[in-house]
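Shown next, in structure tokens, is the structure this report addresses.
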Amino acid sequence: MLEHPGAQVSIDVQSTTLTLPNGTAVRFALEPFARYCLLNGTDELGFLLARESEIAAYEARLGSV
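Under the numbering used here, the sequence shown has 185 at position 63, and the numbering climbs by one with no breaks.
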């Protein structure tokens, strides 16, 4: 990429593949939670807020032990 400034690549988060301008596809590592967040348009806080009722139920059960 340094040799070709402005070159465009395609990144497929679903398949964790980066496709270079010449068509070469390269797999890349992506932590599963980061992949989940990117695919679902969320972040750590959004993930937790979406599970607020589950967390509250867990905390309620934990408090009664």
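The C-beta atom is built at its ideal place from N, Cα and C for all residues, glycine as well.
Minimum C-alpha distance to residue i - residue among the options
i, options, result
"P143", "S132, G168, L184", "S132"
"V135", "L184, L124, G163", "G163"
"T139", "R157, L124, H126, G128", "R157"
"L170", "L184, F155, R183", "F155"
Separation of residue j from residue i, as counted between CA atoms
i, j, result
"D165", "A147", "27 Å"
"E153", "L161", "12 Å"
"R183", "G145", "53 Å"
Unbroken alpha helix (DSSP H) run spanning residue i, endpoints
i, result
"L167", "166 to 172"
Local conformation of residue i per DSSP, three classes
i, result
"L140", "strand"
"A151", "coil"
"L124", "coil"
"G185", "helix"
Residue range of the unbroken beta strand (DSSP E) whose run includes residue i
i, result
"A129", "Element bounds for A129: n/a, residue is neither H nor E."
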